[in-house]
Amino acid sequence: MQSKSHIVVAGGGLVGLLLACVCKQSQSSCATVTVIEREFPLSSEAILDTRATALSADSRQRLHSWGLWAGLESSTAAITDIHVSRYRRFGSALLSAKEQQLDALGYVVENSAMMSSWLDLARSLEIDIRTGVTIDAMTDTGEYPSLSLSDGSNISASLLVVADGARSRLRQSLNMKTLAREASQYAIACNVAVSEAVEGRAFERFTEEGPIAFLPLPNSINGQAVYNVIWCAHQTTVDQLMPMSDSALLAAMQETFGWRVGRLLACGARGSWPLASVEATEVTRHRCVLMGNAAHTLHPVAGQGFNLSVRDISALATVLQDFDFERDDSRELSERLRNFSHSVESDRIVTQSATTALASVFDTPSPAIDVGSPLALSALDITPPLRRRVAQLGMGVR
Ligand SMILES: Cc1cc2nc3c(=O)[nH]c(=O)nc-3n(C[C@H](O)[C@H](O)[C@H](O)COP(=O)(O)OP(=O)(O)OC[C@H]3O[C@@H](n4cnc5c(N)ncnc54)[C@H](O)[C@@H]3O)c2cc1C
Numbered sequence: 202m203q204s205k206s207h208i209v210v211a212g213g214g215l216v217g218l219l220l221a222c223v224c225k226q227s228q229s230s231c232a233t234v235t236v237i238e239r240e241f242p243l244s245s246e247a248i249l250d251t252r253a254t255a256l257s258a259d260s261r262q263r264l265h266s267w268g269l270w271a272g273l274e275s276s277t278a279a280i281t282d283i284h285v286s287r288y289r290r291f292g293s294a295l296l297s298a299k300e301q302q303l304d305a306l307g308y309v310v311e312n313s314a315m316m317s318s319w320l321d322l323a324r325s326l327e328i329d330i331r332t333g334v335t336i337d338a339m340t341d342t343g344e345y346p347s348l349s350l351s352d353g354s355n356i357s358a359s360l361l362v363v364a365d366g367a368r369s370r371l372r373q374s375l376n377m378k379t380l381a382r383e384a385s386q387y388a389i390a391c392n393v394a395v396s397e398a399v400e401g402r403a404f405e406r407f408t409e410e411g412p413i414a415f416l417p418l419p420n421s422i423n424g425q426a427v428y429n430v431i432w433c434a435h436q437t438t439v440d441q442l443m444p445m446s447d448s449a450l451l452a453a454m455q456e457t458f459g460w461r462v463g464r465l466l467a468c469g470a471r472g473s474w475p476l477a478s479v480e481a482t483e484v485t486r487h488r489c490v491l492m493g494n495a496a497h498t499l500h501p502v503a504g505q506g507f508n509l510s511v512r513d514i515s516a517l518a519t520v521l522q523d524f525d526f527e528r529d530d531s532r533e534l535s536e537r538l539r540n541f542s543h544s545v546e547s548d549r550i551v552t553q554s555a556t557t558a559l560a561s562v563f564d565t566p567s568p569a570i571d572v573g574s575p576l577a578l579s580a581l582d583i584t585p586p587l588r589r590r591v592a593q594l595g596m597g598v599r
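Numbers 202 to 599, taken from our numbering, label the letters of the sequence shown in order.
Structure (structure tokens):
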């Protein structure tokens with residue numbers, strides 16, 4: 202069976218599905234939108250097994266303007282301050298929202314809450330969501346990009362949005378070049394119940410192998426607060442940590458992180474990711490655009506990957522807003538995609554290089570730039586303009 206949709210989004214992850222909703226919602230013409238996703242929608246997870254994302258104040262504002270924030274608020278924890286320290290060194294710094302005259306420096310949201318919120322909106326907007334269907338190949342049919350799917354059907358698009366993740370097969374099929382940085386670190390993520398939470402406080406602790414971050418989650422379990430922990434370390438360390446029993450992992454984590462939130466009591470399912478960074482050197486082709494991890498996969502050290510994608514989505518929706526998909530003028534669409542590419546370029550370069558610079562500090566056993574040194578931390582603690590700048594970066598202000 203052959204079908205056609207004005208916008209086909211390949212990959213219904215956090216970015217692809219959100220983009221489908223925002224484009225459909227902001228389109229002045231009645232464009233048809235289809236999302237192809239090989240997984241089934243997320244089922245609800247146990248509290249200790251949820252994944253979470255730290256959203257910047259800028260992302261919150263954009264989600265609010267798209268009508269998506271109200272539904273997320275109960276699954277969100279505001280970060281009112283961030284405690285920064287270094288393993289086995291004196292000195293620490295506290296970045297606070299109050300000092301910046303803000304309600305919060307960022308917001309931790311459960312990924313499952315975002316997915317179900319995006320899905321509800323997608324259904325109400327009558328977006329065609331095809332789950333459990335894998336994109337097998339991209340076929341070149343001349344004017345329109347066309348995909349062959351695992352259910353035996355084909356779909357072509359006026360605009361193909363490639364959002365199939367960091368190892369994007371479609372990006373490879375389109376032969377779009379990337380700058381890739383091999384992973385020298387891995388991240389372990391899991392949720393941890395603790396005995397003494399500090400309300401609204403996130404923690405970032407630098408070790409010689411990478412940072413360990415504790416992000417407050419909105420839920421508690423048996424009355425104990427829960428944090429989402431992202432622990433970046435070299436592969437050999439991660440290979441040792443991953444098969445450990447829960448109690449051995451918690452003991453190792455406690456030794457590295459210390460007692461800032463009391464005893465670490467229990468942990469949920471853990472996952473690990475290689476922290477390779479990938480940056481597409483071109484993001485648009487004839488009737489195609491790369492989005493999300495397919496366009497840029499960032500080290501999670503600064504929690505910027507999804508936040509950057511939210512700004513990209515906003516920019517793409519703006520350039521497509523009054524494009525007439527019925528008339529479908531190919532030259533006009535190319536011009537609009539070029540405008541999109543220019544409008545996001547500097548944001549992508551700045552965010553990618555700032556994140557890579559921070560991540561590369563930990564690539565060698567003796568880091569040349571000691572961001573977590575007592576001196577740097579003291580400077581951060583006593584210099585309000587510097588503190589403001591660091592807080593602004595975290596809030597998505599360029
Ligand atoms: C440990 C960790 C912590 C992070 N924390 C933060 C944070 O705090 N703040 C922040 O801003 N960012 C954070 N990020 C980054 C953020 O998670 C990513 O930017 C975001 O998830 C990218 O989403 P995506 O939809 O582009 O990619 P993905 O989530 O990879 O989605 C791609 C989708 O495409 C589907 N797909 C792939 N191939 C096919 C195919 N052939 N056919 C059909 N479907 C296909 C997949 O099933 C998947 O659902 C973090 C990342 C990690 C690893």
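Even for Gly, the Cβ is constructed at its ideal location relative to N, Cα and C.
In this text, all values refer to a predicted model and were calculated from it rather than measured experimentally.
Flag residue i as yes when its Cβ comes closer than 8 Å to any non-hydrogen atom of ligand 1, and as no otherwise.
i: Ala384; result: no
i: Trp474; result: yes
i: Met445; result: no
i: Asn420; result: no
i: Met492; result: yes
i: Ala305; result: no
i: Phe291; result: no
i: Ile336; result: yes
i: Val439; result: no
i: Val551; result: no
i: Asn508; result: yes
i: Pro346; result: no
i: Arg370; result: yes
i: Ala255; result: yes
i: Pro417; result: no
i: Val216; result: yes
i: Ile431; result: yes
i: Thr498; result: yes
i: Ala390; result: yes
i: Gln373; result: no
Below 8 Å on the Cβ atoms is my contact criterion, and I expect residue i with residue j to pass it. Report the Cβ-Cβ distance as a whole number of Å.
i: Ile330; j: Val236; result: 5 Å
i: Met445; j: Ser473; result: Wrong, their Cβ atoms sit about 12 Å apart, outside the cutoff.
i: Gln553; j: His497; result: 6 Å
i: Ser318; j: Leu273; result: 6 Å
i: Leu150; j: Leu303; result: One cannot answer for residue 150 here, as it falls past the ends of the chain, which runs 202 to 599.
i: Ile328; j: Cys489; result: That pair is no contact at about 19 Å.
i: Leu269; j: Leu322; result: 7 Å
i: Ala403; j: Ala414; result: 7 Å
i: Gly411; j: Ala434; result: 5 Å
i: Asn392; j: Val427; result: 5 Å
i: Arg263; j: Val511; result: 5 Å
What are the residues that DSSP puts in a beta bridge with residue i?
i: Gly472; result: Ala390
i: Gly411; result: Thr408
i: Gly463; result: Arg461
i: Tyr308; result: Leu256, Ala279
i: Lys601; result: Here the chain has residues from 202 to 599 only, and residue 601 is not among them.
i: Trp432; result: Ile389, Ile413
i: Asp352; result: Asp352 pairs with nothing; no bridge assigned.
i: Ser286; result: Ser293, Arg406
i: Ala238; result: Looking at the sequence provided, one finds Glu at residue 238 rather than Ala. Answer is Thr332, bridged to Glu238.
i: Ser497; result: Note that residue 497 is His in the sequence shown, not Ser. DSSP output for His497 lists Glu480 as bridge partner(s).
i: Cys489; result: Leu361, Arg486
i: Met339; result: Leu348
i: Thr379; result: Ala481
i: Ala426; result: Ser421
i: Tyr271; result: Before going further, note that residue 271 is Ala rather than Tyr in the sequence given. For Ala271, which the question treats as bridged, DSSP gives no partner whatsoever.
Please go through the same chain and pick out, in chain order, the residues whose beta-carbon is closer than 6 Å to the beta-carbon of residue i, but skip the five residues on each side of it.
i: Glu238; result: Gly213, Thr332
i: Gln505; result: Leu499, Thr552, Thr556
i: Gln203; result: Asn355
i: Asp447; result: Cys468
i: Ser359; result: His207, Phe526, Asp529
i: Val216; result: Ala364, Met492, Gly493, Ser510
Going by beta carbon distance, what residues of the same chain come within less than 7 Å of residue i, once the five residues before and after it are set aside?
i: Gln425; result: Ala394, Val395, Ser396, Leu466
i: Ser276; result: Val310, Glu311, Ala314, Pro419
i: Asp352; result: Val334
i: Leu326; result: Cys222, Lys225, Gln226
i: Asp337; result: Ser349, Leu350, Ser351
i: Ser639; result: This structure does not reach residue 639, given that the chain is present from 202 up to 599, and the question cannot be answered.
i: Ala516; result: Phe541, Ser544, Val545
i: Pro566; result: With a pLDDT of 43 at Pro566, under the threshold of 50, the modelled position of this residue cannot be trusted, and the question is left open.
Short of 8 Å in beta carbon distance, which residues of its chain neighbour residue i, apart from the five on each side in sequence? Order them along the chain.
i: Glu383; result: Ala477
i: Ala495; result: Gly212, Val363, Ala364, Asp365, Gly366, Ala367, Ser369, Leu371, Arg372, Ala481
i: Ala453; result: Leu442, Met445
i: Arg537; result: Val520, Leu521, Phe524
Is residue i close to ligand 2? I mean its beta-carbon at under 8 Å from any heavy atom of the ligand.
i: Arg239; result: Because ligand 2 does not appear in the structure shown, any question about it cannot be addressed here, the ligands present being ligand 1.
Of all the CB atoms in chain B, is at least one closer than 9 Å to the CB of residue i?
i: Met202; result: The chain inventory of the structure shown lacks chain B, comprising one protein chain alone.
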